[in-house]
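Same order as they appear, the protein sequences are chains A, B, C and D.
Here the first sequence is numbered in the numbering used here, starting from 1 and rising by one per residue.
Here the second sequence is numbered in the numbering used here, starting from 1 and rising by one per residue.
Here the third sequence is numbered in the numbering used here, starting from 1 and rising by one per residue.
Here the fourth sequence is numbered in the numbering used here, starting from 1 and rising by one per residue.
Single-structure report; data block below.
There are 4 protein chains.
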Amino acid sequence: MHTEEKETGRLEAFSDGVFAIAMTLLALDLKVPHLGDRASASELALALAQQWPSYLAFTTSFGTVLVMWVHHHGMFRLIRKVTSGFLFANGFLLLLVTVVPFPTALISAYFGKPGSAVASAVYAGTFVAISIAFNLLWRVAAHERALLRSDAPEHVVRAITRSYLAGVPLYLLATVSAFYNEYVSIGICSGLWIFWAVITRNK
Amino acid sequence: MHTEEKETGRLEAFSDGVFAIAMTLLALDLKVPHLGDRASASELALALAQQWPSYLAFTTSFGTVLVMWVHHHGMFRLIRKVTSGFLFANGFLLLLVTVVPFPTALISAYFGKPGSAVASAVYAGTFVAISIAFNLLWRVAAHERALLRSDAPEHVVRAITRSYLAGVPLYLLATVSAFYNEYVSIGICSGLWIFWAVITRNK
Amino acid sequence: MHTEEKETGRLEAFSDGVFAIAMTLLALDLKVPHLGDRASASELALALAQQWPSYLAFTTSFGTVLVMWVHHHGMFRLIRKVTSGFLFANGFLLLLVTVVPFPTALISAYFGKPGSAVASAVYAGTFVAISIAFNLLWRVAAHERALLRSDAPEHVVRAITRSYLAGVPLYLLATVSAFYNEYVSIGICSGLWIFWAVITRNK
Amino acid sequence: MHTEEKETGRLEAFSDGVFAIAMTLLALDLKVPHLGDRASASELALALAQQWPSYLAFTTSFGTVLVMWVHHHGMFRLIRKVTSGFLFANGFLLLLVTVVPFPTALISAYFGKPGSAVASAVYAGTFVAISIAFNLLWRVAAHERALLRSDAPEHVVRAITRSYLAGVPLYLLATVSAFYNEYVSIGICSGLWIFWAVITRNK
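Take a look at the structure:
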């Protein structure tokens with residue numbers, strides 16, 4: 001029992017490290033405009049303002065990964081022990097979390113330009129993949145309550161199963177809508193993390 | 001009670017991770033001068049010396065985030081439990097902390113050049129936003145002592161409330177003064193973290 | 001006894017930090033294609049697709065470091081105390097782990113081009129070095145059971161010794177085969193971490 | 001007493017985070033040679049070989065920071081409590097540790113070229129500064145045994161004081177010798193961390 005607790009602790013700390021680093025690396029996508037030494041203050045202000053897709057993408061990615069961290073957190077509170085299968089399912093989720101700065105940089109660079117549809121679809125598609133990984137991780141833990149604590153209430157377990165499943169079609173919708181209107185696509189992504197933050201907050 | 005303690009522990013560790021990474025990433029803004037293979041020793045020395053705004057901005061940002069970490073530390077010692085609202089208020093603060101390398105790179109690139117006023121205003125403005133986030137976080141915890149430990153002395157709680165409020169107008173002053181004199185603006189920012197470090201040290 | 005436990009704890013946390021950061025920095029090798037503002041959606045999609053060696057290298061490196069972390073994890077469960085020699089053997093392993101993003105970037109840049117053989121050999125060669133470091137670390141701990149817990153079963157200790165030794169010739173094979181066929185070389189590297197993940201999973 | 005222990009724990013974890021990140025970021029200084037798509041395997045091999053100063057600088061910096069981390073580790077085992085003064089002395093040390101990737105990149109870029117003397121002097125000079133910060137931190141803790149555990153043996157405390165003092169003149173020698181011969185300068189820096197690793201190992 002003692003060893004099991006320690007096990008979960010190290011995995012949580014490791015996962016938290018990856019979440020924290022991935023979130024902090026997002027800020028590296030905020031680029032200083034290169035205007036040369038003679039750029040006037042108003043030119044710099046304009047260049048900074050024109051980078052708004054970067055700021056939107058940064059905030060959306062940061063918020064989404066933060067909400068995921070909170071959920072990861074909540075999931076681990078119900079978990080009693082860790083198996084190798086769970087370790088690798090968690091590793092798959094972390095792989096996708098570390099990838100997030102890449103589509104964020106992509107949408108920052110191409111939003112509102114001809115390549116916008118592809119960049120937005122890749123961005124939303126990353127969150128489809130992360131949602132699937134979350135469901136996979138939860139399934140490894142919760143299927144026949146294999147890794148759950150005995151005091152984890154069954155209705156809470158079911159509520160989590162339902163709420164995780166909802167993420168996949170919603171991000172799929174954002175991915176498909178990228179090919180029609182990139183503003184709708186990023187809007188869905190931004191709306192989703194705010195929605196989840198608000199409902200989590202009220203619980 | 002046991003679960004609550006663990007909860008705070010994981011949030012502290014996660015926050016510490018973000019603070020530590022954000023502080024370390026600041027050093028990526030220190031750029032090696034690209035002078036080509038034939039640059040003489042004195043040309044390299046000169047180029048390094050001319051980068052002094054980078055060093056000042058790095059030190060100021062590092063010092064400011066360090067002082068914030070110390071305060072974050074002190075705040076958590078008074079906190080008994082964590083709610084989802086507190087989690088997201090903390091997330092908002094962390095978002096702004098991870099952003100710090102961006103205005104630091106901006107002021108490093110444009111200080112003393114025509115774009116200086118805008119770069120300095122964005123730099124000081126980031127700390128206005130962080131001060132507001134700190135006040136928000138503290139308010140969520142301390143309003144009607146919602147999340148505080150019962151043994152947290154009321155006069156300490158009030159002293160913290162007062163000292164956090166002071167940050168907002170002081171950084172606003174630095175932001176406004178950027179448009180008149182960039183040296184005054186960065187001087188206020190540098191002075192503030194040193195002042196806070198000294199008064200914290202004497203407590 | 002109490003101090004020894006704490007000792008191992010800090011070393012594990014430090015090592016986990018290095019593993020987590022090295023894994024997250026791998027994502028910095030995923031580059032946004034620079035096609036200019038007028039690139040069409042299909043040009044962007046094509047450019048992203050042509051970067052497939054980056055994605056393969058990223059996944060292989062991430063998976064390999066993840067498997068190593070799981071093994072590092074398993075090794076530490078058998079260890080009772082830490083000596084300075086073990087600390088530096090562990091440091092040598094961590095040095096090589098932090099290096100991984102470099103050969104990953106190298107193979108991403110040169111795979112399928114004339115420089116491919118050298119890039120692939122350096123990539124696989126890095127894992128030869130890491131395998132050697134792992135064996136060294138384990139030898140410091142397990143030779144005459146110097147640092148092992150008294151309750152670590154002898155057959156488990158021997159099984160670990162055997163399984164670690166297998167890594168060296170397999171990665172050497174990948175290194176040599178890089179000069180004949182780069183696809184075989186990266187294929188061995190990818191196959192190995194998947195194989196290890198699967199056998200670990202079934203244990 | 002309980003609160004004090006927790007205090008030290010959080011500071012250690014935070015410091016470990018900064019050490020771990022700074023060590024991992026060093027690897028970002030290892031650059032992939034940009035030779036274009038038609039570079040032959042032998043051209044790539046040559047370009048990689050010519051980057052040897054990068055590898056030497058990376059290894060020296062990693063080894064030096066690792067030895068510092070081990071010493072930081074050893075120091076904290078003797079420490080009973082943390083004051084704000086100690087917190088900021090530790091912060092000053094961490095600031096310098098995060099800076100290390102900068103002189104490492106500098107010496108990687110300019111070693112063996114005309115700017116070599118300045119780059120080597122800045123490199124060694126960074127370690128002079130870090131040695132001073134270490135002595136400062138230890139002084140805050142050990143002066144009149146202010147923050148030490150009561151069971152910390154006096155002869156151990158004195159031995160640490162002596163061994164830390166030795167670092168300053170040795171790195172000063174490396175700094176001065178940079179202006180005569182850069183190989184001697186980096187040789188001293190490399191020799192020192194290996195020497196410290198070996199004597200620590202034998203203790």
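Backbone N, C-alpha and C fix where the C-beta goes; we use that ideal spot for every residue, glycine too.
For clarity, every value in this text was computed on a predicted model and none was experimentally measured.
Quiz item: Would Val-118 (chain D) count as contacting chain B if we go by Cβ distances under 8 Å?
Solution: As a working mapping, residue 118 (chain D) is identified with position 118 in the fourth sequence. Taking 8 Å as the CB threshold, Val-118 (chain D) lines the interface with chain B.
Exercise. Enumerate in chain order the residues of its own chain whose CB-to-CB distance from Arg-162 (chain D) is below 6 Å, with the five nearest sequence positions on each side excluded.
Key: Counting from 1 along the fourth sequence, the entry for residue 162 (chain D) is found at position 162. Cβ-Cβ distances below 6 Å link Arg-162 (chain D) to nothing in the same chain once the five nearest sequence neighbours on each side are left out.
Self-check item: Distance CB(Ala-13 (chain C))-CB(Ala-13 (chain D)) smaller than 8 Å
Solution: The residue you call residue 13 (chain C) lines up with position 13 of the third sequence. The residue you call residue 13 (chain D) lines up with position 13 of the fourth sequence. Contact: yes.
Quiz item: What are the residues that DSSP puts in a beta bridge with Leu-87 (chain C)?
Solution: Locating residue 87 (chain C) in the third sequence gives position 87, where the first residue counts as 1. For Leu-87 (chain C), which the question treats as bridged, DSSP gives no partner whatsoever.
Exercise. Report yes if the CB atom of Arg-139 (chain D) is closer than 8 Å to the CB atom of Leu-78 (chain D), and no otherwise.
Key: Locating residue 139 (chain D) in the fourth sequence gives position 139, counting from the first residue. Locating residue 78 (chain D) in the fourth sequence gives position 78, counting from the first residue. Leu-78 (chain D) is positioned such that its CB atom lies no closer than 8 Å to that of Arg-139 (chain D).
Quiz prompt | C-beta neighbour in chain C for Arg-10 (chain A), strict 8 Å | solution = Translated into the one-based positions of the first sequence, residue 10 (chain A) becomes position 10. So yes, Arg-10 (chain A) belongs to the interface.
Quiz item: Do Val-128 (chain B) and Tyr-171 (chain B) come within 8 Å of each other at the CB atom, strictly closer than that value?
Solution: Walking along the second sequence from the start, residue 171 (chain B) turns up at place 171. Walking along the second sequence from the start, residue 128 (chain B) turns up at place 128. Against a cut-off of 8 Å, the Cβ pair of Val-128 (chain B) and Tyr-171 (chain B) comes out as a contact.
Quiz item: By DSSP, does Leu-95 (chain D) sit in helix, in strand, or in coil?
Solution: The residue given as residue 95 (chain D) occupies position 95 in the fourth sequence. In the three-state scheme derived from DSSP, where H, G and I count as helix and E and B as strand, Leu-95 (chain D) is classed as helix.
Self-check item: Alpha-carbon to alpha-carbon, Gly-74 (chain C) and Met-68 (chain C)
Solution: Residue numbering aside, residue 68 (chain C) sits at position 68 when the third sequence is read from its first letter. Residue numbering aside, residue 74 (chain C) sits at position 74 when the third sequence is read from its first letter. Rounded to the nearest angstrom, the two C-alpha atoms are 10 Å apart.
Quiz item: If we cut at 8 Å on Cβ distances, does His-71 (chain B) have a partner in chain D?
Solution: The count along the second sequence starts at 1 and reaches residue 71 (chain B) at position 71. Taking Cβ atoms only, chain D never reaches closer than 8 Å to His-71 (chain B), which makes this a no.
Practice problem: Please name the residue in A:Ala-39, A:Phe-86, A:His-155 and A:Ser-120 whose C-alpha comes closest to that of Tyr-110 (chain B). | Solution: Here residue 110 (chain B) refers to the residue found at position 110 when the second sequence is read from its first residue. Checked all of A:Ala-39, A:Phe-86, A:His-155 and A:Ser-120; the closest Cα to Tyr-110 (chain B) is A:Ala-39.
Quiz item: Just how far apart, CA to CA, sit Tyr-164 (chain B) and Leu-106 (chain D)?
Solution: Counted from its first residue, the second sequence places residue 164 (chain B) at position 164. Counted from its first residue, the fourth sequence places residue 106 (chain D) at position 106. Approximately 40 Å between the Cα atoms of the pair.
Quiz item: If you drop the 5 nearest sequence neighbours on each side, which residues of the same chain put their C-beta closer than 6 Å to that of Leu-87 (chain C)?
Solution: Reading the third sequence from its first residue, position 87 is the one you call residue 87 (chain C). Correct list: empty, nothing qualifies.
Practice problem: Flag Met-1 (chain C) as yes if its beta-carbon sits less than 8 Å from any beta-carbon of chain A, otherwise no. | Solution: Stepping through the third sequence from its first residue, residue 1 (chain C) is reached at position 1. With a pLDDT of only 37 at Met-1 (chain C), under the threshold of 50, the placement of this residue in the model should not be trusted, and no figure is reported.
Exercise. Please go through the same chain and pick out, in chain order, the residues whose beta-carbon is closer than 7 Å to the beta-carbon of Ser-15 (chain D), but skip the five residues on each side of it.
Key: Indexing the fourth sequence from 1 puts residue 15 (chain D) at position 15. Same-chain partners within the cutoff: His-72, Asn-90 and Leu-94.
Exercise. Starting from Ser-42 (chain B), trace the alpha helix (DSSP H) both ways and give me its first and last residue.
Key: Counting from 1 along the second sequence, the entry for residue 42 (chain B) is found at position 42. Boundaries of the alpha helix (DSSP H) around Ser-42 (chain B): 41–50.
Exercise. Buried or exposed for Ser-42 (chain A), please, with buried defined as at least 16 other CB atoms from any protein chain shown within 10 angstroms of its CB.
Key: On the first sequence, residue 42 (chain A) is found 42 positions in, with the first residue counted as 1. Label assigned to Ser-42 (chain A): exposed.
Quiz item: Would you say Val-176 (chain C) reaches chain D, if we count a Cβ-Cβ gap shorter than 8 Å as a contact?
Solution: Sequence index remark: in the third sequence, residue 176 (chain C) carries index 176 (1-based). Chain D contact via Cβ: absent.
Exercise. Kindly list, in the order they appear in chain C, the residues whose Cβ is closer than 7 Å to that of Ile-21 (chain A).
Key: For this step, residue 21 (chain A) is matched to residue 21 along the first sequence. Within chain C, the residues near Ile-21 (chain A) are Ala-20, Ile-21 and Thr-24.
Practice problem: Using a Cβ cut-off of 8 Å (strictly closer), state whether Leu-93 (chain D) contacts chain C. | Solution: Here residue 93 (chain D) is taken as the residue at index 93 of the fourth sequence, counted from 1. Answer no: the Cβ-Cβ gap between Leu-93 (chain D) and chain C never drops below 8 Å.
Self-check item: Contacts around Leu-147 (chain A), its chain only, beta-carbon distance under 8 Å, and the 5 residues preceding and following it disregarded
Solution: Taking the first residue of the first sequence as position 1, residue 147 (chain A) is located at position 147. Once the five neighbours on either side are set aside, the close Cβ partners of Leu-147 (chain A) are Ile-79, Arg-80, Lys-81, Val-82, Thr-83, Phe-86, Val-140 and Ala-141.
Quiz item: Mapping DSSP to helix, strand and coil, what is Leu-148 (chain C)?
Solution: Stepping through the third sequence from its first residue, residue 148 (chain C) is reached at position 148. It is a strand residue.
Quiz prompt | The alpha helix (DSSP H) enclosing Ala-204 (chain C), as first and last residue numbers | solution = Nothing can be reported for residue 204 (chain C): it is not among the residues displayed for chain C, which extend from 1 to 203.
Self-check item: Unbroken alpha helix (DSSP H) run spanning Val-176 (chain D), endpoints
Solution: For the purposes of this step, residue 176 (chain D) is identified with residue 176 of the fourth sequence, where counting begins at 1. First-last of the alpha helix (DSSP H) with Val-176 (chain D): 154–177.
Exercise. Please report how far the alpha carbon of Ala-47 (chain A) lies from the alpha carbon of Val-70 (chain D), in whole angstroms.
Key: Taking the first sequence and counting its residues from 1, one reaches residue 47 (chain A) at position 47. Taking the fourth sequence and counting its residues from 1, one reaches residue 70 (chain D) at position 70. Going by the C-alpha atoms only, they are around 46 Å apart.
Self-check item: Pro-169 (chain C) classed as buried or exposed, judged by whether at least 16 other C-beta atoms fall within 10 angstroms
Solution: Translated into positions along the third sequence, residue 169 (chain C) becomes position 169. Around the beta carbon of Pro-169 (chain C), fewer than 16 other beta carbons lie within 10 angstroms, which makes this residue exposed.
Quiz item: Can you list the residues of chain C that Lys-113 (chain A) reaches, using a CB-CB cut of under 7 Å?
Solution: The sequence position of residue 113 (chain A) within the first sequence is 113, counting from 1. Those within 7 Å of Lys-113 (chain A) in chain C are Asp-37.
Quiz item: Which whole-angstrom value describes the C-beta separation of Val-184 (chain C) and Ser-190 (chain C), a residue pair presumed to lie in contact below a C-beta threshold of 8 Å?
Solution: Within the third sequence, residue 184 (chain C) is the residue found at index 184, counting from 1. Within the third sequence, residue 190 (chain C) is the residue found at index 190, counting from 1. In this structure Val-184 (chain C) does not touch Ser-190 (chain C) by the C-beta definition: roughly 11 Å separates them, more than the 8 Å allowed.
Quiz item: Based on the DSSP output, what are the partners of Ile-79 (chain A) in its beta bridges?
Solution: Counting from one through the first sequence, the residue named residue 79 (chain A) turns up at place 79. Looking at the DSSP assignment, Ile-79 (chain A) forms a beta bridge with A:Leu-148.
Exercise. Whole angstroms is fine: what's the gap from Ile-130 (chain A)'s alpha carbon to Tyr-123 (chain A)'s?
Key: Residue mapping note: residue 130 (chain A) aligns to position 130 of the first sequence, counting from 1. Residue mapping note: residue 123 (chain A) aligns to position 123 of the first sequence, counting from 1. If I take the Cα positions, the gap works out to 11 Å.
Quiz item: Is any beta-carbon of chain B found at less than 8 Å from that of Gly-17 (chain D)?
Solution: Residue numbering aside, residue 17 (chain D) sits at position 17 when the fourth sequence is read from its first letter. By this cut-off, Gly-17 (chain D) is an interface position.
Quiz item: If you measure from the beta carbon of Leu-48 (chain A) to each beta carbon in chain C, is any gap under 8 Å?
Solution: Locating residue 48 (chain A) in the first sequence gives position 48, where the first residue counts as 1. False, the Cβ-Cβ gap to chain C never drops below 8 Å.
Exercise. Would you check if the distance between the CB atom of Ala-49 (chain D) and the CB atom of Ile-21 (chain C) is smaller than 8 Å?
Key: Within the fourth sequence, numbered from 1, the residue matching residue 49 (chain D) stands at position 49. Within the third sequence, numbered from 1, the residue matching residue 21 (chain C) stands at position 21. Taking 8 Å as the Cβ cut-off, Ala-49 (chain D) and Ile-21 (chain C) do not qualify as a contacting pair.
Quiz item: Should Ala-57 (chain B) and Ser-116 (chain B) be called a contact, given that it needs their Cβ atoms to be closer than 8 Å?
Solution: Within the second sequence, numbered from 1, the residue matching residue 57 (chain B) stands at position 57. Within the second sequence, numbered from 1, the residue matching residue 116 (chain B) stands at position 116. Taking 8 Å as the Cβ cut-off, Ala-57 (chain B) and Ser-116 (chain B) do not qualify as a contacting pair.
Self-check item: DSSP-derived helix/strand/coil call for Arg-67 (chain C)
Solution: Position 67 of the third sequence, counted from the start, is the residue given in the question as residue 67 (chain C). According to the sequence as given, residue 67 (chain C) is Val; it is not Arg. It is helical.
Practice problem: State yes or no: is the C-beta of Asp-37 (chain D) within less than 8 Å of the C-beta of Lys-31 (chain C)? | Solution: Here residue 37 (chain D) is taken as the residue at index 37 of the fourth sequence, counted from 1. Here residue 31 (chain C) is taken as the residue at index 31 of the third sequence, counted from 1. Contact flag unset, no.
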